[in-house]
Every structure is written in structure tokens, then in C-alpha cells.
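**Student:**
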Amino acid sequence: MDTIRKAARAIACIFLKRGYNPLNSDEKSIVGESPAANEDIMTETPDAPMPSERADKPTFLTKTTFDSFDLPESLLAGLKDAQFDRCTPIQAQVLPAALEGKDIAGQAQTGTGKTGAFLVTIFTRLLKLTDRQPGIPSALIVAPTRELAFQIHEEALLLGAHTGLSCVQIVGGVDYQKQAGILKKGVDIVICTPGRIIDYFKQGIFKTTGIKIVVIDEADRLLDLGFAKDMQFILRKLPHYDKRQSMLFSATLSHRVLELTYEYMNLPEFISVTPEEVTVERIDQSLIHVGLESKLSLLLGLLQREDWHRVLVFANTKSGVEWLAEKLKGNGFPAEGITGDLPQPKRFKLMEQFKNDQLKILVATDVASRGIHVEDISHVFNYDLPQDSESYVHRIGRTARAGKTGKAISLACENYVFHLEPLEEMLGYKLPVVWPEDDWLAKDKAGPVKSSRRSRSKQPARKPTHPRNNKATERGPRAAQAAGRGPRQTAASRQLEKIKNRPPNYFPGSFFGFAPSKDMQAVADDQETPAADMTTEAAAPAKKSRRRWRRKKKSSAHKAGAADSNAGATPSGDKPASDTAAKAPRNKTATHAAE
Numbered sequence: 000m001d002t003i004r005k006a007a008r009a010i011a012c013i014f015l016k017r018g019y020n021p022l023n024s025d026e027k028s029i030v031g032e033s034p035a036a037n038e039d040i041m042t043e044t045p046d047a048p049m050p051s052e053r054a055d056k057p058t059f060l061t062k063t064t065f066d067s068f069d070l071p072e073s074l075l076a077g078l079k080d081a082q083f084d085r086c087t088p089i090q091a092q093v094l095p096a097a098l099e100g101k102d103i104a105g106q107a108q109t110g111t112g113k114t115g116a117f118l119v120t121i122f123t124r125l126l127k128l129t130d131r132q133p134g135i136p137s138a139l140i141v142a143p144t145r146e147l148a149f150q151i152h153e154e155a156l157l158l159g160a161h162t163g164l165s166c167v168q169i170v171g172g173v174d175y176q177k178q179a180g181i182l183k184k185g186v187d188i189v190i191c192t193p194g195r196i197i198d199y200f201k202q203g204i205f206k207t208t209g210i211k212i213v214v215i216d217e218a219d220r221l222l223d224l225g226f227a228k229d230m231q232f233i234l235r236k237l238p239h240y241d242k243r244q245s246m247l248f249s250a251t252l253s254h255r256v257l258e259l260t261y262e263y264m265n266l267p268e269f270i271s272v273t274p275e276e277v278t279v280e281r282i283d284q285s286l287i288h289v290g291l292e293s294k295l296s297l298l299l300g301l302l303q304r305e306d307w308h309r310v311l312v313f314a315n316t317k318s319g320v321e322w323l324a325e326k327l328k329g330n331g332f333p334a335e336g337i338t339g340d341l342p343q344p345k346r347f348k349l350m351e352q353f354k355n356d357q358l359k360i361l362v363a364t365d366v367a368s369r370g371i372h373v374e375d376i377s378h379v380f381n382y383d384l385p386q387d388s389e390s391y392v393h394r395i396g397r398t399a400r401a402g403k404t405g406k407a408i409s410l411a412c413e414n415y416v417f418h419l420e421p422l423e424e425m426l427g428y429k430l431p432v433v434w435p436e437d438d439w440l441a442k443d444k445a446g447p448v449k450s451s452r453r454s455r456s457k458q459p460a461r462k463p464t465h466p467r468n469n470k471a472t473e474r475g476p477r478a479a480q481a482a483g484r485g486p487r488q489t490a491a492s493r494q495l496e497k498i499k500n501r502p503p504n505y506f507p508g509s510f511f512g513f514a515p516s517k518d519m520q521a522v523a524d525d526q527e528t529p530a531a532d533m534t535t536e537a538a539a540p541a542k543k544s545r546r547r548w549r550r551k552k553k554s555s556a557h558k559a560g561a562a563d564s565n566a567g568a569t570p571s572g573d574k575p576a577s578d579t580a581a582k583a584p585r586n587k588t589a590t591h592a593a594e
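Going by numbering that gives the first Met the number 0, the residue at position 436 of the sequence shown is 435; the numbering climbs one at a time, nothing skipped.
#1: Is it buried or exposed, Leu266, if we count other Cβ atoms within 10 angstroms and call 16 or more buried?
#2: Tell me where the alpha helix (DSSP H) around Glu351 begins and ends.
#3: Looking at the structure shown, is His254 part of a helix, part of a strand, or coil, going by DSSP?
#4: The beta strand (DSSP E) that contains Phe313, what's its start and end?
#5: Whole angstroms are fine: how far does the CA of Met264 sit from the CA of Pro71?
#6: Please name the residue, chosen from Ile287, Ile233, Cys166, that lies closest to Val432 on a Cα-to-Cα basis.
#7: From what residue to what residue does the beta strand (DSSP E) around Leu361 run?
#8: In chain order, what residues of the same chain lie with their CB nearer than 6 Å to the CB of Gln92, ignoring the 5 residues before and after it?
#9: Among residues of its own chain, excluding the 5 on either side of Ala160, which ones have a beta-carbon nearer than 6 Å to its beta-carbon?
#10: Cutting at 6 Å between CB atoms, please list the residues of its own chain near Thr535, excluding the five before and the five after it.
#11: Hey, could you find the ends of the alpha helix (DSSP H) Ser165 is sitting in?
#12: On the criterion of 16 or more Cβ atoms from any shown chain inside 10 Å, does Phe417 qualify as buried, or is it exposed?
#13: Are the stretch 212–219 and the stretch 169–183 touching, with three or more C-beta to C-beta distances below 8 Å?
#14: My understanding is that Ile89 touches Gly105, with C-beta atoms under 8 Å, so please give their C-beta distance in whole angstroms.
#15: Exposed or buried, what is Gly572 when buried is set at 16 or more other beta-carbons lying within 10 Å of its beta-carbon?
#16: I want to know whether the stretch 301–315 touches the stretch 357–364 - three or more CB-CB distances under 8 Å.
#17: On the criterion of 16 or more Cβ atoms from any shown chain inside 10 Å, does Ser409 qualify as buried, or is it exposed?
#18: Excluding the 5 residues flanking Arg131 on each side, which residues of the same chain have their C-beta closer than 6 Å to its C-beta?
#19: Apply the 10 Å Cβ neighbour rule to Trp434 and answer buried if 16 or more other Cβ atoms are within range, or exposed otherwise.
#20: Starting from Asp187, trace the alpha helix (DSSP H) in both directions and tell me its first and last residue.
#21: Alpha carbon to alpha carbon, how far is Ala148 from Gly172? Give it in angstroms, no decimals.
#22: Run through DSSP, which three-state label would Lys211 get?
#23: Specify, as a first and last residue, the run of the alpha helix (DSSP H) that Leu291 falls within.
#24: With respect to the beta strand (DSSP E) encompassing Ser247, which residues constitute its N-terminal and C-terminal limits?
#25: Within its chain, find whatever has a CB closer than 7 Å to the CB of Phe68; leave out the 5 residues flanking it on each side and keep chain order.
#26: Does Asp102 pass the burial test, meaning 16 or more other C-beta atoms within 10 Å, or should it be called exposed?
#27: Tell me where the beta strand (DSSP E) around Gln357 begins and ends.
#28: By Cβ distance below 8 Å, which residues in the same chain neighbour Leu291 in space, the five residues on each side in sequence not counted?
#29: By the 10 Å Cβ neighbour count, where 16 or more other Cβ atoms means buried, how is Asp241 classified, buried or exposed?
#30: Going by Cα to Cα distance, which pick from Gly100, Gln108, Ala107 is closest to Leu125?
#31: Please go through the stretch 69–112 and give each complete beta strand (DSSP E) segment of 3 or more residues, from N-terminal end onward.
#32: Short of 6 Å in beta carbon distance, which residues of its chain neighbour Trp307, apart from the five on each side in sequence? Order them along the chain.
#33: Spatial neighbours of Ser296 within its chain, please: CB distance less than 8 Å, with the 5 preceding and 5 following residues excluded, ordered by chain position.
#34: Run through the stretch 119–154 for me and flag every whole beta strand (DSSP E) of 3 or more residues, listed as ranges in chain order.
#35: Please go through the same chain and pick out, in chain order, the residues whose beta-carbon is closer than 6 Å to the beta-carbon of Ser73, but skip the five residues on each side of it.
#36: Which residue marks the beginning of the alpha helix (DSSP H) containing Lys499, and which one marks its end?
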């Protein structure tokens, strides 16, 4: 009977042009709605306005309450301040095993309450420890991005306000010495990104001997950002996994993530909450095919047509984020861009403004998507389809958090439509396609937008603040140029001066040993100046002839000596003929040289 009722309601919704979600009907039956009420829904007229459901409280919470666990009173007070009464599915499955000290490997999307799951475990375990060393950190939480570490730190301060445990956030882009001083004074819980905490460990500022609990949040994102070796380094420097509790959370348990669990965890409990059960069904997804030249106009038109409260727009590149944010501001929309190039204080300021509803539209890259933990985001626009299919789930997971509904609209242009097929294969279904009308396009009123990087390169050179005295010219031309006198000499101009100052007989390959031989060079020089080199031409054959006569003298003397040794000694009064023969050429050579 229930099946027939659901089918009838689905048909009625189609005719009435209403969206149908079986999960909503199931929830209404759970809270005790009668079948007559469901029948009344079927008899609604087509003109009845469709209510926009945005639940004030999460409707996916379980019946498990935090009071059912053995939690300290100070922690229960913090949970009450945060208005946490019932557990989410991931919390209801993680807490029983984690509070017993078992290692956890959890698969859950952002917005499912996993941050509260490991924070409740950390506070409970640390408050019950008796051998905790004062001044040495006892818990370590590693996050992939600064924004996510900032969100975890805020939630930790809220839940642990009455526990007396101290928390510190260690990330890059913040005062180095200030964070080092906090670590030296002593803290209980460290929330960090990998790079900065490794620096403090190598300097001996961060001590790992007292770590009792370690948490790796968004492990798949850590590996995607290239922190695999950093994570291995950190986990090797911690106490052995038999002497600590390890908790790992990831949106996907890939082979690389499982490798971390097998190598650095002690037989973890694998707990999975699939995204279909929590997030995706509450998101109204749609896909619009649009040309690149009409992409911005379509986004402007959608922002004018949609009833949005807080919007998050994703682009694939940093330059695209900067350009799109300037375009939106030029068209009258309160938008700002957040990328990894921004200084950390400014990034925190933008996140705080976006969270406090002071900033309505935030344009971001995938790096910042994991750290945006803001409720009541009504719309997520994928201005560029993500190159990584898994990033799509993380993007749309920014909306429909804490049981609320949301919209995810993706724009597919000719540059990024090739990523659609692997995305739909990963999702297991086709994204519903919406064909825009001509009146959906809005005119761009911002005009051309220059990138900030290009403007930086065109800035004029800075003048010296302290002009030098006239002694700079005495030290050379470069010192005079540095003092602001004369045109600046570049490397190309200096090389051109070297070429002009080369000698006339310079050969290009002489430096590498390809210069012509001396004889060839001499011949070339003779052809150029024959009259000036007559004396050298006459002297050269004379030297060669002397060398020939000396070689002949030695050879003839050697032969004569051999003949004397065979024929016997020669009389002392007579001189050998070889000497006479040797002297004759010598005198002849001398006279020839004189001539």
C-alpha cells in the first residue's frame, strides 16, 4: 500500500511540476505523519505555492544522544553551548569505538559531523588521562589547508570552553615567532598543517614524545596536495601506534589512504557513511551547456534569477578566480576571491566575513573548498567543471550542510566539458541538463578587467630612498647607474658592448677550440699584408733548414761511429771523414744564412 501511495504521489508531482524526493516522504512518516495527510498533499491544486524547505535543525540526526556516552561534565557543557544534542550518523558509529581507545578509519563527506566526532574523543580521552605530561602536546590534528585548520580550531574552542585544555593553531602565513612562543609555553592540543609543524619539529620546538592521540582529517586531500612524504615523516616521529590512538577521516578510502592505515595505524575500525545517505540527495543538481563567450553572461543572469542567500562560486585557476571576482564586483554583486596567493590574515578575514554574512558571494579554488565550513550556503556554482572528479562532491558538499537543502549549478563550456564524462562515471548517474533561455543571459557592465599580476609587472621601478653622493661615479658606471644617474644597463647591452670591443682577428669558435691552426692563420695574415711580412717569410725557411741539417748531422755521425767500431780504431793524428763532411754542411748553412 505504501508503494502504491508513493507512486501516485510521484505521478502527481510530475503533473504539478514539483520536485519529488522519497527521503522527505519517509521522514514525514517517521515523525508520525498520518496517511491522510499524505493524501491531502496529493489533492493540492497546481496553483498552490511550493514551499522552500530550509530546516532550522538537522533532520538526518540519529536517536543517539551525547548523554548516552560516558562523557565528562565539562565537555557536556560545551556540547550544550553548541546546541549539540543528538549525534549524526558518523558520530553515532565512531564514538562507541573511539571512546574505547580503538583506531578509526572513517569515510565521510564534509558536513557530516566528523569534526565533532574526533573532538569529543580527544577531549574525553585527555581529561581521563593520568600520565599526561604538562607543557607537552598530547593531541595532534593535521589538516590539509589553513582554512580547514581554522574551522577545526574554532569548533575546538567552542566544545572545550569548560574543559581547561588549551588549543593552538599552527599554520603558515602567520607570525612564526609568535606561534613558536606559544608552543614553548606548552599546549594540550595542536591543530596544524604539515609544513609549519615540521619546521618547528626540526628546530626542537614541537615535542612529540607526549602525543597520545593523532587525527588526520581529509587524508585524501592531503595526498592530492602532495603531502604524502610530509605525513610519513610526521607519523614516523610520533610514538609507536601501539602507544597512541590514531584516527583518520577521508572522503574516499583510496589505495594511498589505505596504505597509511595499514602502515601507521593499529588495526583500525573501518566506518563508512556514504554521501548518498547524507548530502547528495538534499542537493538540487543541474548542468547547463554554454559557450565560453556566453558563460559570464549566463552566471550573471542566474544570480539575478535565483533566490540565493549565500553563494559559493568555484573556478579551476587562481587567475580565473581573480578575474571572475572583479567581474562580479563590476556588475554590482558583493563578491571577493580567495586563493592560495592571498596573505593568511586576509584569507581569515574573508572567511570570517563570509561566515558572518557580511560577504554574500565568495569565489574560490578547490584548495579553499575543503576549509569552507559555513552553514546556510544556498547555492554552489561550478563556473568551471572540476578536472578531478572527486572535487565535484567536495564542492557541492559546501551546501546542504547540517540537514539543509541547497542547489548546485554547473556550467559546461568547450574548455572543460571533457571532464563531464569521467565525473558522471564516478557519480554513477547523469547530471540533469537544463537548457537556458535567451532571457537568462545578462549583459556584462564591468568592462575589461586587468589581472592584478599583469598590473604588478607594469609598475614603475622604485626610486632609491637614500640618494647616494657623487662618489658613486668614482666606483664605476654601475654604481652611478644604481645612484639613479644615466640609463640602466641591462645584460643584453653589456653583451653588445663586448661584441663591439672584440679584436679584428677574433674567431667565434676559439673559446671552444674550433679556431683555425696557426699556419692557416699566418697564411690569411700574409694575404692581407704581404709586404710587411717579408722578413718573417725569409727567416722561417732558414730555421727549418737548420733543423734539417742538424738531423742529418746526427744520423751521419751515428753511421760513422758504427763503421769505426766494425773496422777498428782510427789513428790519432787523422780526423774522421765524417767530421769533415759534417763541418761542410755547417759552413754551407752558415754562408746561406749570411746571404
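C-beta: ideal position from N, C-alpha, C; glycine also.
**Tutor:** Looking at the atomic coordinates:
#1: Leu266 comes out exposed.
#2: 343–354
#3: helix
#4: 310–313
#5: 27 Å
#6: Ile287
#7: According to the DSSP assignment, Leu361 belongs to the beta strand (DSSP E) that extends over 360–363.
#8: Ile270
#9: Gly77
#10: Residue confidence is low: Thr535 scores 47 on pLDDT, short of 50, so the model does not pin down where it sits. No coordinate-derived value is stated.
#11: That residue, Ser165, is in no alpha helix (DSSP H); it is neither H nor E in DSSP.
#12: exposed
#13: no
#14: 6 Å
#15: In this prediction, Gly572 has a pLDDT of 45, which is less than 50 and means its spatial position is unreliable; nothing more can be read from the coordinates.
#16: Because the criterion of three Cβ pairs below 8 Å is met, the stretch 301–315 and the stretch 357–364 touch.
#17: buried
#18: Ser137
#19: exposed
#20: Taken as a continuous stretch (DSSP letters only), Asp187 belongs to no alpha helix (DSSP H), as it is neither H nor E.
#21: 13 Å
#22: Assignment of Lys211 by DSSP, reduced to helix, strand and coil, places it in the coil class.
#23: That residue, Leu291, is in no alpha helix (DSSP H); it is neither H nor E in DSSP.
#24: Checking the displayed sequence, the identity of residue 247 turns out to be Leu instead of Ser. For Leu247, the enclosing beta strand (DSSP E) begins and ends at 244–249.
#25: Leu94, Leu98
#26: buried
#27: It is not in any beta strand (DSSP E) - Gln357 carries neither H nor E in the DSSP assignment.
#28: Cys412, Glu413, Asn414
#29: exposed
#30: Gly100
#31: 103–106
#32: Ser377, His378
#33: Leu440, Ala441, Lys442, Asp443
#34: Taking 3 residues as the shortest admissible run, the stretch 119–154 contains the following complete beta strand (DSSP E) segments, listed from N- to C-terminal end: 138–141.
#35: So the list reads His161, Thr162, once near-sequence residues are dropped.
#36: 490–499
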